[in-house]
Amino acid sequence: MFAYYLDLALRSFRRNKVLTALMVLAIAVGIGASMTTLTVLHMLSGDPLPGKSSELYYPQIDPQDARGMMPGTLPPEQVTLIDGMNLLRAKRADRQALMTGGAVPIQPDSSSLDPFYVEARYTTADFFAMFDAPFLYGHGWSGAADEAHARDVVITRKLDDKLFNGADSVGRTLRIGGSTFRIVGVLDRWHPNPHFYDLTTGSYNYFEQVFLPLQTALELHYDHNGSNDCWGNGTGGAGGIYPSATCVWLQFWVELDSPAKAAAYKQFLTHYSEEQKALGRFARAPNVRLDDLMQWLDYNGVVPSDVRLQAWLAFGFLLVCLLNTVGLMLAKFLRRSGELSVRRALGASRRALFAQLLTESGVVGLAGGLGGLLLALLGLWMVQHRSTDYASLAHLDPAMLLVTFALAIGASLVAGMLPAWRACNVTPALQLKSN
Amino acid sequence: MDILPILATLRRHKVILWLLMLEIALSCAIVCNGVFLIVQRMQHMDMPSGIAEHELVQIQQAPITPSTDRYARAQEDMAALRQIPGVQAVGMTNQLPFGGSSSNGGVMLSPTQPHRTLNAATYFGENLVPTMGLRLVSGRALGSDDYVNADAILKSLADGSGKGFPMPTIISSTLAERLWPQQNPLGKLIWLAPKASFRVVGVVATLARANAYDTATAQYSMIFPLHMGAGKDQSYLIRTRPQDRQRVLTAAIATLKQADPARVITHARKYDEIRSDYFKDDHAMAGMLVSVIVAVLLVTGLGIVGLASFWVAQRRKQIGIRRALGATRADILRYFQTENFLIVTFGIVIGMLLAYGLSLWLMLHYELPRLPLFYLPVGAIALWAIGQMAVLGPALRAAAVPPVVATRSV
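These protein sequences, in sequence, are chains W and G. Position 142 of the first sequence, counting from 1, maps to 1032 under the working numbering, and the rest follow consecutively. Position 391 of the second sequence, counting from 1, maps to 467 under the working numbering, and the rest follow consecutively.
So this is what it looks like as structure tokens:
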């Protein structure tokens, strides 16, 4: 029966080629636009560390002075160096890492390469294990190396390719800003997007190429990048002059593998704040937060609002396209009232007529969906060649592919339902008589 | 033209009529808000920087090892850059309007007030007024006597002595007007920290911030006479004639490399590139909005063509009868044109309400201002025009139906 309906549908299309093409095109353009924008949105609001993100938490405490204190004020979004080191050394979480961004000059041994600057992350030992950073060669440095201000460095595969032609460089030395470091590990490709662990450097497509022990970097006064927030007489510093003690400028992350531990850790943050207040360092009542990774991204609103707006726009456009298709399909079906009446008079049930018409609209939807898919690929290709920060992230993954198709068929079936229902309700006798 | 028969006919096609009106209404809402968003973006992209944009080049450099005295290094570099033929002025700054990476400070009008009055950009640098081409509207420029080394100021703040303050500062006229409305800002004091006070000695017409997200605060800027020294976060700024920029840039890089081979040039570009880079997302968004509006109008237009064609085909016999009864071709043409005008008008009425609702929703979620009412006719005119263009073809075909059709059965 379905094959027969399909045949009928194709015949009907052949009779109204332009109109059919118009309906298919409208659905295709609508689906293409919606899927392009939805895919970008999906990519940007995705989980940078699937499976791990629910165990990572971002503690916030409030070390600011009493001036301007208001109930309900949120604590600063970063920590001071003193608090960061205190929390790090307290080791109350399963793992913890303190970090900040920077840039360092690399001096290659080979004379054919000029010195160049790369983005760097100054952090502590647990960073790599906490964030599931994959090692190609070697491993991270130890906690002891942190305290010893060791000249250890982890580089990325990209830098290893550039400096050592991709060879295993573990154990070799690297000159950074006049000091000699020992390479302990090479990271495989690792591009967490958004750059969740430090959102102050820009949320997307910011990748460090060098990871150094934090205390070593501070000792050598390597340049600091990122934002800082000061109070009192604090000053933000510049380059190798670091922000003062009354400034927040570092990020602190902890790993806690159960909600119970998270609750206990939040308790610890409150205790810590009280203790610091008793010591006279903190002036405010304990004001702590402990977001997990996805909550932290949400709190910071990392997905650009333009991207959301674009997705809404595209869906508005899809709605216009669908209304358009419903109208055209209805007009088309109603015009065939005579033909449908003959089928009814010959014994076809209303249900059979409905199935036939729905098949016809389903085929339009399928063709539109296919077209939409092609247009979405074209759209994503265009997005990739745009100069926005997130451009390179845009690609269609299998899940979104499936969504595109479901959307296309669903939309056109919904669009076909009303016309099919209206058309199969014709009164055969009346139609046949008037003809 | 009598519209009552048209309305009577339309009443027999309620479902299709409603679909078409909804489509037109939705298009109208999207077009009104879309045009408004485009205008907003374009105004944002037109934001003045206050500097001589087409005459500036920026060079950012960093030493590999911080061996030499960075203050002396900066003075030597600037002196060398001034020797390049075609260079009109050389300055140094920690940030540039629309440069992205910003340095800001919280401003207070007294050292003890509990909350900051506002946040403004803190430009640290040398020779900025003449190099950037800023227009001084009152007071004086900063002289060499005003300048101190950044280290000394940081030390004074760290030990709380307040030595060296108040320092002179130049602020933008927008900031002056916001801090002291209708008053002469010259000689007034501001504080960035309880011990850090600054006296306003000059006012420049316009100077935009590096991170000008919000139009209202985009021009809140202050310039401080600080020697920052050569470093990775500082930029040399060179002013030259527009046609000399590329040559001067190349020569400047060579000069800097020659003065100290052990350094890395991290950025060397014309200021125009900085501006276009900053607004690239707005540019992309405006482009996207234009495409959506064009596509919506196109789809709606094609939908009208399709439906009108169906109606014409369906009513061939009635048209024939009307012609046989004495209606002219023009009457038939006008019938379909009026019908379309009525449908589009109904759609537009719903569309206006929808546009307004959409605008309220956008205000709620995207911090956009309310849709000004004069954007509503924009959508209406666009849809009337599209409707009339779309219906013309089918209507002409209807007008061509000969009266003899009336005598034929199907």
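All C-beta atoms, glycine included, are put in the ideal place defined by N, C-alpha and C.
So residue i and residue j are in contact, right, with Cβ under 8 Å, and what is the actual spacing, rounded?
i: residue 204 of chain G; j: residue 169 of chain G; result: 6 Å
i: residue 463 of chain G; j: residue 408 of chain G; result: That belief does not hold up - the Cβ atoms of residue 463 of chain G and residue 408 of chain G are roughly 18 Å apart, past 8 Å.
i: residue 952 of chain W; j: residue 1121 of chain W; result: Not really, about 11 Å apart at Cβ, beyond 8 Å.
i: residue 1180 of chain W; j: residue 1159 of chain W; result: 7 Å
i: residue 455 of chain G; j: residue 281 of chain G; result: With 8 Å as the limit, residue 455 of chain G and residue 281 of chain G do not qualify as a contact, their Cβ atoms being about 38 Å apart.
i: residue 226 of chain G; j: residue 120 of chain G; result: With a Cβ gap of about 33 Å, residue 226 of chain G and residue 120 of chain G do not count as contacting.
i: residue 1030 of chain W; j: residue 1018 of chain W; result: 4 Å
With a threshold of 7 Å on Cβ separation, who are the neighbours of residue i within its own chain once the five nearest residues in sequence on each side are excluded?
i: residue 903 of chain W; result: 910
i: residue 198 of chain G; result: 179, 180, 181, 298 and 300
i: residue 1360 of chain W; result: Any answer about residue 1360 of chain W is impossible in this case: the structure gives chain W only from 891 up to 1325.
i: residue 1116 of chain W; result: 990, 991, 1088, 1090, 1091 and 1139
i: residue 354 of chain G; result: 174 and 176
i: residue 361 of chain G; result: 117
Can you pull the chain W neighbours of residue i, defined as C-beta to C-beta under 9 Å?
i: residue 301 of chain G; result: By Cβ distance, chain W contributes nothing, its closest Cβ being about 16 Å from residue 301 of chain G, past 9 Å.
i: residue 354 of chain G; result: Simply none; closest approach about 11 Å.
i: residue 236 of chain G; result: 1123
Let me know if residue i comes out buried or exposed under the rule of 16 or more other beta-carbons within 10 Å of its beta-carbon.
i: residue 950 of chain W; result: buried
i: residue 908 of chain W; result: exposed
i: residue 376 of chain G; result: buried
i: residue 1064 of chain W; result: buried
i: residue 1133 of chain W; result: buried
i: residue 963 of chain W; result: exposed
i: residue 231 of chain G; result: exposed
i: residue 419 of chain G; result: buried
i: residue 103 of chain G; result: buried
i: residue 439 of chain G; result: exposed
i: residue 1177 of chain W; result: buried
i: residue 480 of chain G; result: exposed
i: residue 317 of chain G; result: exposed
i: residue 79 of chain G; result: exposed
i: residue 90 of chain G; result: exposed
i: residue 1021 of chain W; result: buried
i: residue 1143 of chain W; result: buried
i: residue 404 of chain G; result: exposed
i: residue 386 of chain G; result: buried
Just the chain G side, please: which residues come within less than 8 Å of residue i by C-beta, in chain order?
i: residue 954 of chain W; result: Those within 8 Å of residue 954 of chain W in chain G number zero; the least Cβ separation is about 12 Å.
i: residue 1007 of chain W; result: 138, 308, 340 and 342
i: residue 1221 of chain W; result: 92, 382, 383, 386 and 387
Mind pulling the chain W residues with CB within less than 7 Å of residue i?
i: residue 99 of chain G; result: 1210, 1213, 1214 and 1217
i: residue 224 of chain G; result: Those within 7 Å of residue 224 of chain G in chain W number zero; the least Cβ separation is about 14 Å.
i: residue 194 of chain G; result: Residues of chain W passing the Cβ test: none, with the nearest at roughly 13 Å.
i: residue 103 of chain G; result: 1210
Leaving out five residues before and five after residue i in sequence, what residues of the same chain have Cβ atoms less than 6 Å from its Cβ?
i: residue 270 of chain G; result: 187
i: residue 1131 of chain W; result: none
i: residue 222 of chain G; result: 244 and 301
i: residue 1113 of chain W; result: 992, 993, 1129 and 1130
i: residue 474 of chain G; result: 388, 395, 408 and 412
Using the beta-carbon of each residue, which ones in chain W are nearer than 8 Å to residue i?
i: residue 134 of chain G; result: The contacting residues do not exist; residue 134 of chain G stays about 16 Å from chain W at best.
i: residue 376 of chain G; result: 1210 and 1214
If you drop the 5 nearest sequence neighbours on each side, which residues of the same chain put their C-beta closer than 8 Å to that of residue i?
i: residue 268 of chain G; result: 181, 182, 183, 184, 198 and 274
i: residue 487 of chain G; result: Residue 487 of chain G falls outside the range modelled here, since chain G spans only 77 to 486, and no answer is possible.
i: residue 333 of chain G; result: 339 and 341
i: residue 1135 of chain W; result: 970, 971, 972 and 1124
Strictly below 7 Å CB to CB, what residues from chain G border residue i?
i: residue 993 of chain W; result: 308
i: residue 1131 of chain W; result: 230
i: residue 1312 of chain W; result: 91
i: residue 1067 of chain W; result: 140 and 141
i: residue 1276 of chain W; result: 360
In chain G, what lies closer than 9 Å to residue i by C-beta?
i: residue 1134 of chain W; result: 230, 233 and 234
Give, in chain order, every residue of the stretch 108 to 124 of chain G whose Cβ lies closer than 7 Å to some Cβ of chain W.
Taking 7 Å as the cut-off between beta carbons, none of the residues of the stretch 108 to 124 of chain G comes near chain W.
Residues in the stretch 263 to 281 of chain G with C-beta within 8 Å of chain W's C-beta atoms, listed in sequence order?
So the close ones are 269, 270, 271 and 272.
Can you pull out the residues from the stretch 291 to 320 of chain G whose beta carbon lies closer than 7 Å to at least one beta carbon of chain W?
Within the stretch 291 to 320 of chain G, the residues whose Cβ lies closer than 7 Å to some Cβ of chain W are 304, 307, 308 and 309, listed in chain order.
With 7 Å as the limit, tell me which residues of the stretch 896 to 920 of chain W have their beta carbon closer than that to any beta carbon of chain G; keep them in chain order.
Result list: 909, 912, 916 and 919.
Which residues, taken in chain order from the stretch 201 to 219 of chain G, show a beta carbon closer than 8 Å to some beta carbon of chain W?
Here the close residues number zero.
Got a sec: which bits of the stretch 414 to 438 of chain G sit with their beta carbon under 7 Å from any beta carbon on chain W, in order along the chain?
Result list empty, no residue passes.
Note down, in chain order, all residues in the stretch 1175 to 1201 of chain W with a beta-carbon under 7 Å from any beta-carbon belonging to chain G.
Those would be 1195, 1196, 1199 and 1200, in chain order.
Return the residues of the stretch 996 to 1028 of chain W that lie within a Cβ-Cβ distance of less than 7 Å from chain G, sorted by chain order.
997, 1005, 1006 and 1007: these are the residues of the stretch 996 to 1028 of chain W whose beta carbon lies less than 7 Å from some beta carbon of chain G, given in chain order.
Under 7 Å, CB to CB, which of the residues in the stretch 441 to 459 of chain G have a partner in chain W?
Cβ contacts with chain W: 442.
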